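To start, the structure under review is shown below, and the notes come after it.
There are 2 protein chains.
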Amino acid sequence: MTGAERLLAACRGEPVDATPLWIMRQAGGRLPGYLAMRERHSVMEISRTPELCAEVTVGPVDALGVDGAVLYADIMLLVGAMGVDVELTSDGPVIRRPVRSLADVQALRPVDPEADLGFVVEAIRRVRAELAGRAAVIGIAGGPFTLAAYLVEGAPSRDQLHARALMHADPATWHDLLERLTASTVAYVRAQEEAGAQVIQCFDTWAGSLTAAEYVGFVAPYARRILDAVAVPTIHHVARSSLLLDEVASAGGTVVGVDSRQDIAAARRTLGAARPVQGNLDPALVLAGSALARRGADEVLAAADGSGHVFNLGEAAPRDADPTVLRDVARHVHDRSAAARATVAEEVPAHA
Amino acid sequence: MTGAERLLAACRGEPVDATPLWIMRQAGGRLPGYLAMRERHSVMEISRTPELCAEVTVGPVDALGVDGAVLYADIMLLVGAMGVDVELTSDGPVIRRPVRSLADVQALRPVDPEADLGFVVEAIRRVRAELAGRAAVIGIAGGPFTLAAYLVEGAPSRDQLHARALMHADPATWHDLLERLTASTVAYVRAQEEAGAQVIQCFDTWAGSLTAAEYVGFVAPYARRILDAVAVPTIHHVARSSLLLDEVASAGGTVVGVDSRQDIAAARRTLGAARPVQGNLDPALVLAGSALARRGADEVLAAADGSGHVFNLGEAAPRDADPTVLRDVARHVHDRSAAARATVAEEVPAHA
Numbered sequence: 001m002t003g004a005e006r007l008l009a010a011c012r013g014e015p016v017d018a019t020p021l022w023i024m025r026q027a028g029g030r031l032p033g034y035l036a037m038r039e040r041h042s043v044m045e046i047s048r049t050p051e052l053c054a055e056v057t058v059g060p061v062d063a064l065g066v067d068g069a070v071l072y073a074d075i076m077l078l079v080g081a082m083g084v085d086v087e088l089t090s091d092g093p094v095i096r097r098p099v100r101s102l103a104d105v106q107a108l109r110p111v112d113p114e115a116d117l118g119f120v121v122e123a124i125r126r127v128r129a130e131l132a133g134r135a136a137v138i139g140i141a142g143g144p145f146t147l148a149a150y151l152v153e154g155a156p157s158r159d160q161l162h163a164r165a166l167m168h169a170d171p172a173t174w175h176d177l178l179e180r181l182t183a184s185t186v187a188y189v190r191a192q193e194e195a196g197a198q199v200i201q202c203f204d205t206w207a208g209s210l211t212a213a214e215y216v217g218f219v220a221p222y223a224r225r226i227l228d229a230v231a232v233p234t235i236h237h238v239a240r241s242s243l244l245l246d247e248v249a250s251a252g253g254t255v256v257g258v259d260s261r262q263d264i265a266a267a268r269r270t271l272g273a274a275r276p277v278q279g280n281l282d283p284a285l286v287l288a289g290s291a292l293a294r295r296g297a298d299e300v301l302a303a304a305d306g307s308g309h310v311f312n313l314g315e316a317a318p319r320d321a322d323p324t325v326l327r328d329v330a331r332h333v334h335d336r337s338a339a340a341r342a343t344v345a346e347e348v349p350a351h352a
Numbered sequence: 353m354t355g356a357e358r359l360l361a362a363c364r365g366e367p368v369d370a371t372p373l374w375i376m377r378q379a380g381g382r383l384p385g386y387l388a389m390r391e392r393h394s395v396m397e398i399s400r401t402p403e404l405c406a407e408v409t410v411g412p413v414d415a416l417g418v419d420g421a422v423l424y425a426d427i428m429l430l431v432g433a434m435g436v437d438v439e440l441t442s443d444g445p446v447i448r449r450p451v452r453s454l455a456d457v458q459a460l461r462p463v464d465p466e467a468d469l470g471f472v473v474e475a476i477r478r479v480r481a482e483l484a485g486r487a488a489v490i491g492i493a494g495g496p497f498t499l500a501a502y503l504v505e506g507a508p509s510r511d512q513l514h515a516r517a518l519m520h521a522d523p524a525t526w527h528d529l530l531e532r533l534t535a536s537t538v539a540y541v542r543a544q545e546e547a548g549a550q551v552i553q554c555f556d557t558w559a560g561s562l563t564a565a566e567y568v569g570f571v572a573p574y575a576r577r578i579l580d581a582v583a584v585p586t587i588h589h590v591a592r593s594s595l596l597l598d599e600v601a602s603a604g605g606t607v608v609g610v611d612s613r614q615d616i617a618a619a620r621r622t623l624g625a626a627r628p629v630q631g632n633l634d635p636a637l638v639l640a641g642s643a644l645a646r647r648g649a650d651e652v653l654a655a656a657d658g659s660g661h662v663f664n665l666g667e668a669a670p671r672d673a674d675p676t677v678l679r680d681v682a683r684h685v686h687d688r689s690a691a692a693r694a695t696v697a698e699e700v701p702a703h704a
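Sequence order for the protein chains is A and B.
Once you know that position 102 of the first sequence is 102 in the numbering used here, the rest is easy, because the numbers rise by one and skip nothing.
Once you know that position 81 of the second sequence is 433 in the numbering used here, the rest is easy, because the numbers rise by one and skip nothing.
Following this line, the structure appears as structure tokens:
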């Protein structure tokens with residue numbers, strides 16, 4: 001199978017020759033090609049130049065041997081296009097004038113992806129053409145809580161307290177904000193699909209700060225609209241989602257992301273064996289070196305138990321992850337899972 | 353009952369006239385007395401001057417009406433005294449030369465609290481004398497994982513990946529580091545107790561990043577030694593500890609802190625009704641204003657169900673929390689819980 005076939009089949013729970021994988025934040029980090037490009041261009045220049053963005057997006061497919069090419073694009077590009085002044089710093093996105101009042105919310109403008117984010121759409125077209133099936137093209141969107149939390153907080157935060165306070169103190173403003181973010185996100189993921197994205201991952205990174213009641217009442221309906229907006233498979237990823245896994249899965253996503261704090265076997269029991277999952281190698285094991293990372297990958301493969309599993313880290317790769325370790329993990333996941341399938345295939349006739 | 357009697361009785365699970373409370377990060381924030389002092393002195397100057405430190409520590413007792421006075425001292429003062437160059441920034445402690453090798457660990461020196469942190473010891477003596485029982489004196493220590501994680505990471509981080517990688521890749525260095533941190537912390541909390549601290553809270557803020565196996569193998573034995581080192585009641589607080597609550601409670605603490613993501617009624621069922629608990633109003637509700645904060649406090653009081661409960665927020669108060677809201681919450685907790693006890697007291701004879 002080609003990488004794209006393998007990844008798409010696993011997203012649909014269909015048989016594969018080996019467990020497919022990609023790595024969150026695989027484009028970037030310490031890949032030599034990326035480091036060389038960053039000497040000449042800022043993150044924003046790369047994002048806004050389809051040729052450069054496509055190169056950075058495709059790079060890890062050959063360098064690491066992964067089955068998916070995830071679009072190199074900050075999730076905050078969308079809110080930038082909605083009229084918010086976002087600065088990407090080494091600590092994360094910073095918004096000097098946070099969005100906290102109804103007037104702030106009403107100043108947000110809807111996004112026309114071709115007009116406002118045409119460079120992303122064009123980058124996807126190029127990536128799809130260049131890959132020619134070697135790996136699946138993975139489009140991205142920030143989840144509704146995560147985008148809203150950045151807008152309200154103005155900076156990365158541990159507990160998103162101001163966003164959660166707004167939710168409770170002024171629910172009308174909250175819902176207006178989420179409505180606008182959702183409408184623009186729906187247009188954005190549809191444009192990515194039309195340009196050639198074969199999978200869309202929705203990263204609702206911060207939603208693990210919410211109680212189940214908060215998630216269901218204030219976020220899930222918007223997540224559902226985004227995940228239902230495209231025909232291609234979607235991956236719904238919320239970090240630190242142990243206490244919310246059911247609610248996140250109910251909100252949608254062809255595939256449910258499982259973070260590294262969870263036992264992926266237990267997650268599959270909760271979700272039902274038919275629901276595809278993605279995850280969940282601990283990024284700390286990548287920093288701990290190839291031997292420990294490979295051993296961790298074996299445990300993930302055993303716990304996830306075969307079909308309907310997209311291998312990934314449980315969270316984004318550390319920015320200083322050694323590409324050699326990531327490549328070792330990728331090769332190991334393919335080899336081990338292919339060997340396990342061959343063994344099963346041999347055993348079946350013996351027992352038949 | 354005086355504030356000190358009320359808080360100490362609740363820590364021991366004994367009857368009280370009203371539910372006692374204090375608030376994590378109550379000293380500081382936007383209290384007028386503190387803001388005035390900060391115009392003249394840096395955080396470090398206040399910490400290192402017993403007269404100023406005592407004033408800031410005592411201030412909230414009258415300004416907010418709480419039953420405990422928690423020492424105004426950054427948890428990183430201890431590692432500063434061990435020879436680490438720590439800078440307190442608005443984003444948290446920063447260590448320009450992180451501790452990652454065995455040589456780095458072996459360069460740490462043991463702390464003699466009277467000689468190295470005499471200003472803290474003297475501040476506690478003053479606070480105890482000034483309060484004269486109006487509120488209990490709460491000493492503090494950083495938990496072993498949290499101190500180690502700051503030293504290894506060099507800065508606040510979301511997932512403490514480098515600390516967790518060290519744990520797995522080089523367990524000998526990890527255990528040496530924890531051994532040294534624990535020995536100094538034990539000396540530090542004993543010195544605080546001797547100076548008059550009536551309760552010690554151990555803040556292992558970041559330990560919620562660990563799996564249960566990691567916590568049990570790499571952290572719990574050290575936490576236990578610290579919590580067992582004093583005769584006064586201890587409070588063991590780990591943020592985001594839903595998945596670890598049993599292991600944290602087993603490691604020790606007269607009182608177990610419950611964060612705001614947990615249902616404190618469920619936590620009490622897990623821990624057993626006899627184990628005192630602390631918590632767990634959501635700090636976001638403090639930002640959402642007095643009405644929502646009071647309603648949230650009612651829910652916490654109902655769920656915690658009476659004796660053996662120290663009311664607090666589930667995490668530290670937001671730095672921009674309105675002191676008026678905190679005072680309203682304190683008064684409300686006292687009034688409601690006293691009224692509930694009076695009702696029960698009236699009802700009992702009626703049924704007898």
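Note that CB positions come from ideal geometry on N, CA and C, so glycine has one too.
Bear in mind that the values here come from a model prediction, so they are computed numbers and not experimental data.
Quiz item: When the cut-off is 8 Å and only beta carbons count, does A350(A) lie next to chain B?
Solution: By one-based count along the first sequence, residue 350(A) stands at place 350. Because A350(A) sits at a pLDDT of 47, beneath the cut-off of 50, its placement in the model cannot be relied upon, and the following sentence gives the value as read from the coordinates. Answer no: the Cβ-Cβ gap between A350(A) and chain B never drops below 8 Å.
Quiz prompt | chain B contact residues for G289(A), given Cβ-Cβ distances below 7 Å | solution = The count along the first sequence starts at 1 and reaches residue 289(A) at position 289. Ordered by position in chain B, the residues that pass the 7 Å Cβ test against G289(A) are A521.
Self-check item: Those residues which DSSP pairs with L387(B) across a bridge
Solution: Taking the first residue of the second sequence as position 1, residue 387(B) is located at position 35. Per DSSP, none; premise fails for L387(B).
Quiz item: Which runs of the beta strand (DSSP E), 3 residues or longer, sit entirely within the segment 512 to 578 of chain B?
Solution: 551 to 555
Quiz item: Do the segment 322 to 336 of chain A and the segment 453 to 468 of chain B meet, that is, are 3 or more Cβ pairs less than 8 Å apart?
Solution: no
Self-check item: Chain-ordered neighbours of E315(A) on chain B, where CB pairs are closer than 7 Å
Solution: Numbered from its first residue, the first sequence carries residue 315(A) at position 315. The answer, in chain order, is D511.
Quiz item: Taking the C-alpha atoms as reference points, what is the distance between S242(A) and G208(A)?
Solution: For the purposes of this step, residue 242(A) is taken as the residue at position 242 of the first sequence. For the purposes of this step, residue 208(A) is taken as the residue at position 208 of the first sequence. Their backbone Cα atoms lie some 8 Å apart in a straight line.
Quiz prompt | Inter-residue spacing [alpha-carbon to alpha-carbon] between V436(B) and L460(B) | solution = The residue given as residue 436(B) occupies position 84 in the second sequence. The residue given as residue 460(B) occupies position 108 in the second sequence. Taking the straight line joining both Cα atoms gives about 7 Å.
Quiz item: Measuring CA to CA, which of G506(B), T401(B) and T498(B) is closest to T441(B)?
Solution: For the purposes of this step, residue 441(B) is taken as residue 89 along the second sequence, with counting starting at 1. It is G506(B).
Quiz item: Taking 8 Å as the CB-CB cut-off, is H684(B) touching chain A?
Solution: The residue given as residue 684(B) occupies position 332 in the second sequence. With respect to chain A, the C-beta atom of H684(B) has no partner C-beta closer than 8 Å.
Practice problem: Out of L285(A), H162(A) and G253(A), state which residue places its alpha-carbon closest to the alpha-carbon of V277(A). | Solution: The residue labelled residue 277(A) in the question sits at position 277 within the first sequence. Ranking L285(A), H162(A) and G253(A) by Cα distance to V277(A) puts G253(A) first.
Quiz item: Looking only at C-alpha atoms, which of A415(B), V489(B), L503(B) and A564(B) sits nearest to L359(B)?
Solution: For the purposes of this step, residue 359(B) is identified with residue 7 of the second sequence, where counting begins at 1. Nearest C-alpha to L359(B): V489(B).
Quiz item: Would you say L353(A) reaches chain B, if we count a Cβ-Cβ gap shorter than 8 Å as a contact?
Solution: Lying before the first or after the last residue shown, residue 353(A) is absent from chain A, which here runs from 1 to 352.
Quiz prompt | Where P318(A) meets chain B, residues with beta-carbon distance less than 7 Å | solution = Against the first sequence, residue 318(A) aligns to sequence position 318. Going along chain B in sequence order, the residues near P318(A) (Cβ under 7 Å) are L513.
Quiz item: Are G660(B) and S612(B) touching if we call contact CB-CB under 8 Å?
Solution: The residue you call residue 660(B) lines up with position 308 of the second sequence. The residue you call residue 612(B) lines up with position 260 of the second sequence. No, Cβ-Cβ distance for G660(B) and S612(B) is not below 8 Å.
Quiz item: Any beta-carbon of chain B closer than 8 Å to the one on A115(A)?
Solution: The residue labelled residue 115(A) in the question sits at position 115 within the first sequence. Chain B, which has no Cβ nearer than 8 Å to the Cβ of A115(A), makes this no.
Quiz item: Given A547(B), which residues of its chain have a CB within under 6 Å of its CB, disregarding the five upstream and five downstream residues?
Solution: Here residue 547(B) refers to the residue found at position 195 when the second sequence is read from its first residue. The residues are V473, I476 and R477.
Quiz item: Going by other Cβ atoms of all chains shown within 10 Å of its Cβ, with 16 needed for buried, is G624(B) buried or exposed?
Solution: Against the second sequence, residue 624(B) aligns to sequence position 272. G624(B) comes out exposed.
Quiz item: Looking at the C-beta of A165(A), does it have a partner C-beta in chain B at a distance below 8 Å?
Solution: As a position in the first sequence, residue 165(A) is number 165, starting the count at 1. So, interface residue.
Quiz item: Start and end of the alpha helix (DSSP H) containing L281(A)?
Solution: On the first sequence, residue 281(A) is found 281 positions in, with the first residue counted as 1. Premise fails: L281(A) lies in the beta strand (DSSP E), V277 to L281, not in any alpha helix (DSSP H).
Quiz item: Within this structure, are the beta carbons of L281(A) and S337(A) separated by less than 8 Å?
Solution: Taking the first residue of the first sequence as position 1, residue 281(A) is located at position 281. Taking the first residue of the first sequence as position 1, residue 337(A) is located at position 337. Contact: no.
Quiz prompt | Every unbroken alpha helix (DSSP H) within the segment 454 to 501 of chain B, with a cutoff of 4 residues, ordered by chain | solution = Entirely contained in the segment 454 to 501 of chain B, the alpha helix (DSSP H) runs reaching 4 residues are, in chain order, 454 to 458, 465 to 468 and 470 to 483.
Quiz item: Taking the alpha helix (DSSP H) that L373(B) falls in, what are its first and last residues?
Solution: Residue mapping note: residue 373(B) aligns to position 21 of the second sequence, counting from 1. In the DSSP assignment, L373(B) falls outside any alpha helix (DSSP H), carrying neither H nor E.
Exercise. Give a yes or no on whether the C-beta atoms belonging to G365(B) and G385(B) are separated by under 8 Å.
Key: For the purposes of this step, residue 365(B) is identified with residue 13 of the second sequence, where counting begins at 1. For the purposes of this step, residue 385(B) is identified with residue 33 of the second sequence, where counting begins at 1. Going by C-beta atoms, G365(B) is not nearer than 8 Å to G385(B).
Quiz item: How big is the Cα-Cα spacing for A265(A) and H588(B)?
Solution: If you number the first sequence from 1, residue 265(A) lands on position 265. If you number the second sequence from 1, residue 588(B) lands on position 236. Straight-line Cα distance between these residues: approximately 31 Å.
Quiz prompt | Buried versus exposed, by CB contacts within 10 Å (16 or more), V219(A) | solution = Counting from one through the first sequence, the residue named residue 219(A) turns up at place 219. V219(A) is buried by the Cβ-count criterion.
Practice problem: Compute the distance between the beta-carbons of A288(A) and A517(B), then report whether it is under 8 Å. | Solution: Here residue 288(A) is taken as the residue at index 288 of the first sequence, counted from 1. Here residue 517(B) is taken as the residue at index 165 of the second sequence, counted from 1. Yes. Within cutoff.
Quiz item: If L292(A) and H520(B) are in contact, beta carbons under 8 Å, what's the gap, nearest whole angstrom?
Solution: Translated into positions along the first sequence, residue 292(A) becomes position 292. Translated into positions along the second sequence, residue 520(B) becomes position 168. Between H520(B) and L292(A) the Cβ distance is about 6 Å, and since that is below 8 Å, they are a contact.
Quiz prompt | Distance, P221(A) Cα to R294(A) Cα | solution = Taking the first residue of the first sequence as 1, we reach residue 294(A) at position 294. Taking the first residue of the first sequence as 1, we reach residue 221(A) at position 221. Those two C-alpha atoms are separated by around 38 Å.
Self-check item: Endpoints, the alpha helix (DSSP H) within which G59(A) is located
Solution: Stepping through the first sequence from its first residue, residue 59(A) is reached at position 59. From DSSP, the alpha helix (DSSP H) with G59(A) extends over P50 to L64.
Quiz item: What residues of chain A sit near L644(B), judged by a beta carbon separation below 7 Å?
Solution: Sequence index remark: in the second sequence, residue 644(B) carries index 292 (1-based). Within 7 Å Cβ-Cβ: H168 and A169.
Exercise. Ignore the nearest five residues each way along the sequence and tell me which others in A197(A)'s own chain have a CB closer than 6 Å to its CB.
Key: The residue given as residue 197(A) occupies position 197 in the first sequence. The residues are I124, V137 and G139.
Quiz item: Would DSSP call G609(B) helix, strand or coil?
Solution: On the second sequence, residue 609(B) is found 257 positions in, with the first residue counted as 1. G609(B): strand per DSSP, three-state reduction.
Quiz item: Buried or exposed: Q512(B), going by 16 or more other Cβ atoms within 10 Å of its Cβ?
Solution: The count along the second sequence starts at 1 and reaches residue 512(B) at position 160. Buried: at least 16 other Cβ atoms inside 10 Å.
Practice problem: Output yes if chain A places a C-beta closer than 8 Å to the C-beta of T563(B); else output no. | Solution: Here residue 563(B) refers to the residue found at position 211 when the second sequence is read from its first residue. Yes, its Cβ sits closer than 8 Å to a Cβ of chain A.
Practice problem: Using a Cβ-Cβ cut-off of 8 Å, state whether S90(A) counts as contacting chain B. | Solution: The residue labelled residue 90(A) in the question sits at position 90 within the first sequence. Not one chain B Cβ lies under 8 Å of S90(A).
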